[in-house]
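> Position in the sequence shown counted from 1, then plus 663, gives you my numbering.
All C-beta atoms in this analysis are idealised placements derived from N, C-alpha and C, irrespective of residue type, glycine included.
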Amino acid sequence: MDDAKKIRVRFAPSPTGYVHIGSLRTALYDYLFAKKNSGDFILKIEDTDRKRYVDGSVESLIKSLSWLGINWNEGVFLNEVISEKNNSIKSKTYPTVLEIGGSGPYVQSEKLEIYKKYVDQLVRDGHAYYCFCEPERLEKMRNDLIAEKKAPMYDRYCLHNVSEKDINKNLKNNCRYTIRMKIPQGEIIEAQDLVRGKVKFNTDLIDDQILLKSDGFPTYHLANMIDDHEMGITHVIRGEEWLPSLPKHLLLYRYFGWQAPKFAHLPLLLNPDKTKLSKRQGDVAVEDYIKKGYLKEAIINFVALLGWNPGAGETQEIFSLSELVQKFELEKVHKAGAVFDLKKLNWINAEYIKKLSIDDLYAKALQFFEQKEFFKTASAEKKLPEFLKKVLAVELDRLSKLSDVGENNQFFFADNLVYEKKLLRWKEMNDADLKKTLEKSKAILKNISIENWTKEGLEETLMEATEDKRGELLWPLRVALTGAQKSPSPFEVAWVLGKTESLKRIERAIDLFD
Ligand code: GLU
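1) For residue 718 and residue 874, I'd like the C-alpha separation in whole angstroms.
2) Kindly confirm or deny that the region 783 to 791 and the region 724 to 731 touch, where touching means at least three C-beta pairs closer than 8 angstroms.
3) Tell me, please, whether the region 837 to 857 touches the region 788 to 798 by the rule of three or more beta-carbon pairs shorter than 8 angstroms.
4) How should residue 935 be labelled, buried or exposed, when 16 other C-beta atoms within 10 angstroms of its C-beta is the threshold for buried?
5) Is residue 1111 closer than 8 angstroms to residue 1120 when the C-beta atoms are compared?
6) My output table needs one value for residue 1116: the three-state DSSP class, helix, strand or coil.
7) What runs of the alpha helix (DSSP H), each 4 residues or longer, lie entirely inside the region 1027 to 1063?
8) Return the first residue and the last residue of the beta strand (DSSP E) that residue 794 is part of.
9) Counting C-beta neighbours from all protein chains within 10 Å, is the total for residue 989 16 or more, i.e. buried, or is it exposed?
10) Using 8 angstroms as the threshold, is the C-beta distance between residue 1084 and residue 1173 below it?
11) How should residue 855 be labelled, buried or exposed, when 16 other C-beta atoms within 10 angstroms of its C-beta is the threshold for buried?
12) Closer than 8 angstroms is the cut-off here; do at least three beta carbon pairs connect the region 1036 to 1047 with the region 969 to 988?
13) Relative to ligand 1, is the shortest distance from any of its heavy atoms to the C-beta of residue 738 smaller than 7 angstroms?
14) When you compare the CB positions of residue 1013 and residue 1063, do they come within less than 8 angstroms of one another, or not?
15) Taking residue 1145 as the reference, give the member of 1131, 1103, 1166 and 853 with the closest Cα.
16) Just the C-alpha distance for residue 677 and residue 706, rounded to the nearest angstrom, thanks.
17) CB-CB under 6 angstroms to residue 872, same chain, minus the five flanking residues each way: which ones, in chain order?
18) Bridge partners of residue 740, per DSSP?
19) In chain order, which alpha helix (DSSP H) runs of at least 4 residues are fully inside the region 1000 to 1029?
20) Reducing DSSP to helix, strand and coil, say where residue 811 ends up.
21) If you draw a straight line from the C-alpha of residue 814 to the C-alpha of residue 800, how long is it?
22) Kindly examine ligand 1 and report whether one of its heavy atoms sits closer than 7 angstroms to the Cβ of residue 905.
23) Contact between the region 886 to 903 and the region 955 to 965 is defined here as three or more beta-carbon pairs at a separation below 8 angstroms; is this criterion met?
24) What first and last residue would you give for the beta strand (DSSP E) that runs through residue 1084?
25) Which runs of the beta strand (DSSP E) spanning at least 3 residues fall entirely within the region 799 to 864, listed in chain order?
26) Looking at the unbroken beta strand (DSSP E) that takes in residue 1192, where does it start and where does it end?
27) With a threshold of 8 angstroms between beta carbons, is residue 739 in contact with chain B?
28) Could you check whether the Cβ of residue 654 sits closer than 7 angstroms to any heavy atom belonging to ligand 1?
29) What residue range is occupied by the uninterrupted alpha helix (DSSP H) comprising residue 1162?
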């Protein structure tokens, strides 16, 4: 019966400013799982933590996910992305957002009355209670428990000491209150997690969770599970940090008499030193990777592999989004933490860059060139598409991210190369020999026609002229063209620079010996 139900999953980010890599992984797995099973994928917004709310983050979150090609079919959308659609309503909270689908609202701050209705029901049924404890009392209690090396759990003062009459009086006097969930004592709660298998929890170790905060907003625990129920969510895919909350959620489902969805808790993301992935050790915001010029295909591919692979013995590492849809299975998600390895991301990105045509690479790379100082100050010809495409053709196999374009080959853009004369020297060659070899290069290059001015043409002619003394001819030539200790080959550099500029640079090198 359950299996025949249409699969419905949701991504439930909190608008706190940026999309964390871990959140992207959750969204991606939601997407893959829904797609693979022809299910629905819903995007809803968990904005009940007003302290952490950052203006504009809902919009930028939607943009980032859309840019990455992760699409959902229900929930919140940007006005500009979907202009006309049946049953769409304008979000009350976010002016540029539309809510589309029959199980909304999809923004938690618009549902406060709904949550209140349900929490009142829990209170009436004896599953939740008013707590009027002052923050000072709670803090003291917590500190005392910690000092005694006990878990800092609420002592249930209000459950045992506040009568119905007190409650009514306090409410009439507008006393500040929260509503707490009553956790049963002495019970073992068991569940089957799709990633972790059987999990067990002892309710004696679970705090009486606050469900409704004193500001009238629900906590995650209440709001999230009510949404999931109302939205008909069949599978909850979320980070492992929520695993300890699972028994609370299962109890809430029990209290309401609702069937709980299936749960899959995704492994933690770790720094290479196996500590929890943190900002201190690198970027954790997806937007930072987008800004640095990681391709969407690479980001998706890399994030998919954070805690999943297609199974034992499989060595494939490059997957397109549609291949991922085909191969993804929640059962293959790993239990152990997944290490965020930037080197691997760079490798994957480089693989995708290599597959781009020069025109595509140019279209994507131009904005990164435009941010560079060496580009801003370059002459007009060096900003032309033909020139930049040649630079990119040389860099294609060496780039791990688009923001690196031109970075290691700034000499392409310089008008007057500045370098030390001694850099031109190959081994023990003296000045006279150096001048001679540069003059030889100049003569050879002068003789190459414009039609033959290709990487291959240049390589063939120059290699022939080296007469087995490659270094003597090619090192001074390469330095004359680049002014650099390390660079691509002189054939590639001369090809990019063109005949006139190459000859000019060689002449300038020759002048150094006068
Ligand atoms: N807002 C929660 C988060 O961002 C959602 C967790 C869940 O998917 O239930 O972690």
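Let's see:
1) As a working mapping, residue 718 is identified with position 55 in the sequence shown. As a working mapping, residue 874 is identified with position 211 in the sequence shown. C-alpha separation (whole angstroms): 25 angstroms.
2) No, they do not touch.
3) Of all C-beta pairs linking the region 837 to 857 to the region 788 to 798, three or more are shorter than 8 angstroms, placing the two stretches in contact.
4) Position 272 of the sequence shown, counted from the start, is the residue given in the question as residue 935. So residue 935 counts as exposed.
5) Residue mapping note: residue 1120 aligns to position 457 of the sequence shown, counting from 1. Residue mapping note: residue 1111 aligns to position 448 of the sequence shown, counting from 1. Yes; because the gap between Cβ atoms is below 8 angstroms, this pair is in contact.
6) Counting from 1 along the sequence shown, the entry for residue 1116 is found at position 453. In the structure shown, residue 1116 sits in coil (DSSP, three-state: anything other than H, G, I, E or B).
7) For the alpha helix (DSSP H) assignment, the uninterrupted runs of no fewer than 4 residues enclosed by the region 1027 to 1063 are, from N- to C-terminal side, 1036 to 1039 and 1048 to 1058.
8) Residue mapping note: residue 794 aligns to position 131 of the sequence shown, counting from 1. Secondary structure note for residue 794: its beta strand (DSSP E) is the uninterrupted segment 791 to 794.
9) If you number the sequence shown from 1, residue 989 lands on position 326. By the 10 Å Cβ count, residue 989 comes out exposed.
10) Residue 1084 sits at position 421 when you count from the first residue of the sequence shown. Residue 1173 sits at position 510 when you count from the first residue of the sequence shown. Going by C-beta atoms, residue 1084 is not nearer than 8 angstroms to residue 1173.
11) Taking the first residue of the sequence shown as 1, we reach residue 855 at position 192. Residue burial annotation: residue 855 is exposed, with fewer than 16 other C-beta atoms found within 10 angstroms of its C-beta.
12) A contact between stretches requires three or more CB pairs, one per stretch, nearer than 8 angstroms, and the region 1036 to 1047 fails this requirement with the region 969 to 988.
13) As a working note, residue 738 is residue 75 in the sequence shown. False, no ligand heavy atom lies under 7 angstroms from that Cβ.
14) In the sequence shown, the residue the question calls residue 1013 occupies position 350. In the sequence shown, the residue the question calls residue 1063 occupies position 400. Contact flag set, yes.
15) Within the sequence shown, numbered from 1, the residue matching residue 1145 stands at position 482. Measuring from the Cα of residue 1145, the nearest candidate turns out to be 1166.
16) Here the question's residue 677 lines up with position 14 in the sequence shown. Here the question's residue 706 lines up with position 43 in the sequence shown. If you take the alpha carbons of residue 677 and residue 706, they lie about 11 angstroms apart.
17) Taking the sequence shown and counting its residues from 1, the one referred to as residue 872 is at position 209. Same-chain partners within the cutoff: 844, 884 and 911.
18) As a working note, residue 740 is residue 77 in the sequence shown. According to DSSP, residue 740 shares a beta bridge with 761.
19) Contiguous alpha helix (DSSP H) elements confined to the region 1000 to 1029 occur at 1005 to 1017, taking only those with 4 or more residues.
20) On the sequence shown, residue 811 is found 148 positions in, with the first residue counted as 1. If DSSP states are grouped into helix, strand and coil, residue 811 belongs with coil.
21) As a position in the sequence shown, residue 814 is number 151, starting the count at 1. As a position in the sequence shown, residue 800 is number 137, starting the count at 1. Computed Cα separation, rounded: 16 angstroms.
22) Residue 905 sits at position 242 when you count from the first residue of the sequence shown. Checking every heavy atom of ligand 1 against the Cβ of residue 905, one is found closer than 7 angstroms.
23) Contact fails between the region 886 to 903 and the region 955 to 965, because fewer than three Cβ pairs, one in each stretch, are under 8 angstroms apart.
24) Your numbering for residue 1084 matches position 421 in the sequence shown. Where residue 1084 is concerned, there is no enclosing beta strand (DSSP E), because DSSP gives it neither an H nor an E.
25) The qualifying runs are 841 to 844 and 851 to 856.
26) Residue 1192 is absent from the structure shown; the chain starts at 664 and stops at 1177.
27) The structure shown contains no chain B, having only a single protein chain.
28) The structure shown does not extend to residue 654, since the chain is modelled only from 664 to 1177, so the question has no answer here.
29) Along the sequence shown, one-based indexing puts residue 1162 at 499. Taken as a continuous stretch (DSSP letters only), the alpha helix (DSSP H) holding residue 1162 covers 1162 to 1174.
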